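The structure under discussion appears below in the form of structure tokens.
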Ligand SMILES: Nc1ncnc2c1ncn2[C@@H]1O[C@H](COP(=O)(O)OP(=O)(O)OP(=O)(O)O)[C@@H](O)[C@H]1O
Ligand SMILES: [Mg+2]
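Listed below in structure tokens is the structure:
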């Protein structure tokens with residue numbers, strides 16, 4: 001069942017008189033439960049595309065249907081709710097709240113959700129457990145490593161049980177070992193819990209953990225291929 | 001998002017920048033303290049004045065020469081010379097003024113008194129012995145001059161308590177001679193200490209009005225007639241009898257041509273409290289300006305904070321915060337800043353006012369009662385809350401309207 005359908009989507013950045021067209025008409029469909037990697041040269045519009053899919057930015061033309069409904073037909077409050085309940089974001093630069101411990105960072109989306117407060121602690125701890133950071137739950141977010149921060153970000157993205165997780169170069173700021181752990185976690189979320197994941201990456205190695213790779217170039221889809229045998233990390237050393 | 005969590009979030013926001021939050025609050029604290037102080041002291045002053053006027057006796061009716069002064073700039077009118085000895089005679093005839101118990105003429109002027117090498121500037125009151133009953137001024141030592149002395153233009157003087165201390169120190173005053181306007185006056189009495197009162201008798205020299213008119217002031221008229229109605233109920237009646245008697249004597253037919261004025265103690269109380277009210281309102285308005293300055297400070301800090309936390313705003317939106325959630329968060333931060341400032345200001349203002357009241361009462365002869373109008377507290381709280389809302393709204397809207405992606409990209 002299609003969760004995301006984009007059809008001839010275009011994006012032009014306007015800066016006063018200056019118009020910068022980035023996406024010239026991108027089309028593809030992502031079904032529930034898929035793990036898709038988006039690749040392409042720097043500046044090709046990957047992040048731009050992901051921001052459109054994540055309701056963080058508006059598209060200029062074309063059609064984007066989320067859950068069967070054209071994105072432009074959602075009201076601002078519905079969009080906030082979708083971001084809260086159905087989407088999870090993982091950014092390259094982690095974006096944790098400073099001076100705030102891990103548990104509270106993970107709880108942040110719950111503040112804006114309809115889940116009763118009595119469930120918050122349990123939900124947050126479950127998400128933290130799934131990224132293997134239970135022993136750090138009360139650490140300040142500034143006092144943990146980059147890899148751990150990104151795992152906190154994953155837990156935060158998971159806490160409301162979203163339909164889809166968007167990850168924009170989640171390993172971009174990490175060494176290969178920490179990066180590997182992150183990809184492993186994402187892969188397990190997909191395989192074991194059935195999460196839909198859309199991952200942007202530069203590295204073919206990383207991309208090959210997905211089931212499908214969409215390549216973007218010059219604002220168009222260059223190729224859209226299945227990965228015959230998705231790679232797998234060595235058995236995870238998660239809760240080390 | 002529940003109110004509880006909105007408040008928690010706002011509080012955490014303020015906590016992150018504790019020093020800055022405290023400095024911002026300070027602006028509000030000063031403003032609210034000033035308002036509370038002014039209102040509280042104004043109320044105290046009003047109570048004091050009312051007490052003093054009441055001390056004059058509720059039956060007192062004052063007649064003055066000239067048109068009634070309409071304001072401070074009009075004060076020259078006080079020295080008008082329309083009240084003549086003939087008027088005194090007419091008012092003293094009970095067939096003219098049946099509701100009046102008695103009439104005391106009053107003249108006054110500034111003079112300096114000297115004894116040996118000491119000199120003191122005081123006010124001379126020329127009165128009759130009725131003074132003792134009308135103003136209830138007990139003597140500490142000596143005795144008041146008599147009607148006989150008034151007729152004889154005796155150079156006798158009863159001095160206020162402060163005059164006595166300044167000129168004689170601890171030694172006896174009664175029986176000694178002081179010099180005023182080139183005349184030698186024998187001190188016959190010293191008033192008991194009065195404290196702050198309407199006429200400031202502590203710094204006065206009280207002499208027979210005849211002596212004052214002829215030897216000291218050189219006038220043939222009276223400044224005032226202090227009269228007393230025979231009962232509280234007859235005060236208005238007495239006032240109108242006095243008016244019609246004087247009108248007839250002065251051949252006046254139109255009210256606005258009157259060359260004298262009649263005020264009762266009630267009139268006076270109303271008028272004086274009106275003056276303090278106006279003063280209080282004026283000073284409160286001045287203090288309110290500092291609140292506006294405080295509000296602008298809040299707005300400034302909130303704008304800085306919104307810019308600094310652009311990325312946080314973007315993140316919150318990406319995680320599902322609505323525009324309203326963000327607006328509430330920043331508005332609450334502003335209102336909490338001003339609200340805390342308001343509460344601290346009220347406490348501080350009330351404490352200062354209490355300290356001033358206690359200080360005045362202890363170190364001066366004035367009995368100043370601390371009063372803290374509830375209206376001031378309500379005003380302080382609501383004004384500071386309103387300032388948070390007003391000056392916090394613009395920064396909060398700015399925060400709420402940020403596009404999530406631009407906010408997230410902000411470095
Ligand atoms: N707000 C903007 N206004 C104008 N141009 C923009 C804006 N945001 C991005 N761009 C431009 O759009 C192009 C695509 O940017 P985007 O971030 O989508 O690239 P990307 O594929 O994610 O690149 P990278 O791999 O380096 O992250 C870039 O050339 C960028 O300069
Ligand atoms: Mg990018």
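Chains as they are written, first to last, in full-length UniProt numbering: chain A, 1 to 240; chain B, 1 to 411.
Idealized CB from N, CA, C, for every residue including glycine.
Here the structure is a predicted model, which is why all the values come from computation and not from measurement.
Give a yes or no on whether the minimum CB-CB distance between residue i and chain A is below 8 Å.
| i | result |
| --- | --- |
| residue 327 of chain B | no |
| residue 404 of chain B | yes |
| residue 322 of chain B | yes |
| residue 312 of chain B | yes |
| residue 399 of chain B | no |
| residue 16 of chain B | yes |
| residue 1 of chain B | yes |
| residue 318 of chain B | yes |
| residue 41 of chain B | no |
| residue 315 of chain B | yes |
Within this structure, are the beta carbons of residue i and residue j separated by less than 8 Å?
| i | j | result |
| --- | --- | --- |
| residue 4 of chain A | residue 29 of chain A | yes |
| residue 129 of chain A | residue 110 of chain A | no |
| residue 201 of chain B | residue 91 of chain B | no |
| residue 10 of chain B | residue 389 of chain B | no |
| residue 6 of chain B | residue 329 of chain B | yes |
| residue 10 of chain A | residue 88 of chain A | no |
| residue 141 of chain B | residue 189 of chain B | yes |
| residue 67 of chain B | residue 261 of chain B | yes |
| residue 185 of chain A | residue 90 of chain A | no |
| residue 132 of chain A | residue 174 of chain A | no |
| residue 157 of chain B | residue 178 of chain B | yes |
| residue 106 of chain B | residue 251 of chain B | no |
| residue 35 of chain B | residue 380 of chain B | yes |
| residue 407 of chain B | residue 80 of chain A | no |
| residue 65 of chain B | residue 81 of chain B | yes |
| residue 112 of chain A | residue 84 of chain A | yes |
| residue 97 of chain B | residue 155 of chain B | no |
| residue 103 of chain A | residue 137 of chain A | yes |
Should residue i be labelled buried (16 or more other beta-carbon atoms within 10 Å of its own) or exposed?
| i | result |
| --- | --- |
| residue 68 of chain A | exposed |
| residue 312 of chain B | buried |
| residue 362 of chain B | exposed |
| residue 286 of chain B | exposed |
| residue 294 of chain B | buried |
| residue 75 of chain B | Note that residue 75 of chain B scores 49 on pLDDT, short of 50, meaning its location in the model is unreliable and no value can be drawn from it. |
| residue 255 of chain A | Outside the displayed range of chain A (1 to 240) lies residue 255 of chain A, so it cannot be described from this structure. |
| residue 206 of chain A | buried |
| residue 209 of chain A | buried |
| residue 1 of chain A | exposed |
| residue 79 of chain B | Low confidence applies to residue 79 of chain B: its pLDDT is 46, below 50, so where it sits in the model is not reliable, and the reading given next is rough at best. Exposed, because fewer than 16 other Cβ atoms sit within 10 Å of the Cβ of residue 79 of chain B. |
Apart from the five residues just before and just after residue i, which ones in its own chain have a Cβ nearer than 7 Å to its Cβ?
| i | result |
| --- | --- |
| residue 99 of chain B | 229, 230, 234, 237, 238, 241 |
| residue 357 of chain B | 44, 368, 369, 370 |
| residue 194 of chain A | 33 |
| residue 41 of chain B | 353, 356 |
| residue 190 of chain A | 35, 197 |
| residue 106 of chain A | 124, 127, 128, 152, 155, 156, 159 |
Starting from the C-beta of residue i, find all residues in its chain whose C-beta is less than 8 Å away, skip the five residues before and the five after it, and write them out in chain order.
| i | result |
| --- | --- |
| residue 111 of chain B | 121, 122, 123, 124, 180, 181, 205, 216 |
| residue 104 of chain B | 127, 128, 130, 131, 134, 225, 226, 227 |
| residue 327 of chain B | 396, 397, 399, 400 |
Return the residue from the list the options that minimises the CA-CA distance to residue i.
| i | options | result |
| --- | --- | --- |
| residue 83 of chain B | B:266, B:249, B:406, B:349 | B:249 |
| residue 217 of chain A | A:22, A:81, A:173 | A:22 |
| residue 204 of chain A | A:79, A:2, A:41, A:16 | A:41 |
| residue 31 of chain B | B:63, B:360, B:383 | B:383 |
| residue 267 of chain B | B:47, B:14, B:61 | B:61 |
| residue 97 of chain A | A:182, A:142, A:46, A:224 | A:142 |
| residue 24 of chain B | B:256, B:410, B:296 | B:296 |
| residue 346 of chain B | B:253, B:374, B:270 | B:374 |
| residue 63 of chain B | B:243, B:338, B:315 | B:243 |
| residue 377 of chain B | B:16, B:115, B:39, B:143 | B:39 |
| residue 222 of chain A | A:54, A:161, A:44, A:104 | A:44 |
Note down, in chain order, each residue of its chain lying with its Cβ closer than 6 Å to the Cβ of residue i, except the 5 sequence neighbours on either side.
| i | result |
| --- | --- |
| residue 19 of chain A | 12 |
| residue 303 of chain B | 395 |
| residue 46 of chain B | 273, 276 |
| residue 349 of chain B | 33, 36, 37 |
Determine, for residue i, whether the minimum Cβ-Cβ distance to residues of chain B falls below 8 Å.
| i | result |
| --- | --- |
| residue 13 of chain A | no |
| residue 239 of chain A | Because the pLDDT at residue 239 of chain A is just 42, under 50, the model does not fix this residue reliably, and the value given afterwards should be weighed accordingly. Chain B contact via Cβ: absent. |
| residue 113 of chain A | yes |
| residue 77 of chain A | yes |
| residue 94 of chain A | no |
With hydrogens ignored, establish whether the beta-carbon of residue i is closer than 7 Å to any heavy atom of ligand 3.
| i | result |
| --- | --- |
| residue 3 of chain B | Annotation note on ligand 3: not contained in the displayed structure, which lists ligand 1 and ligand 2 as its ligands. |
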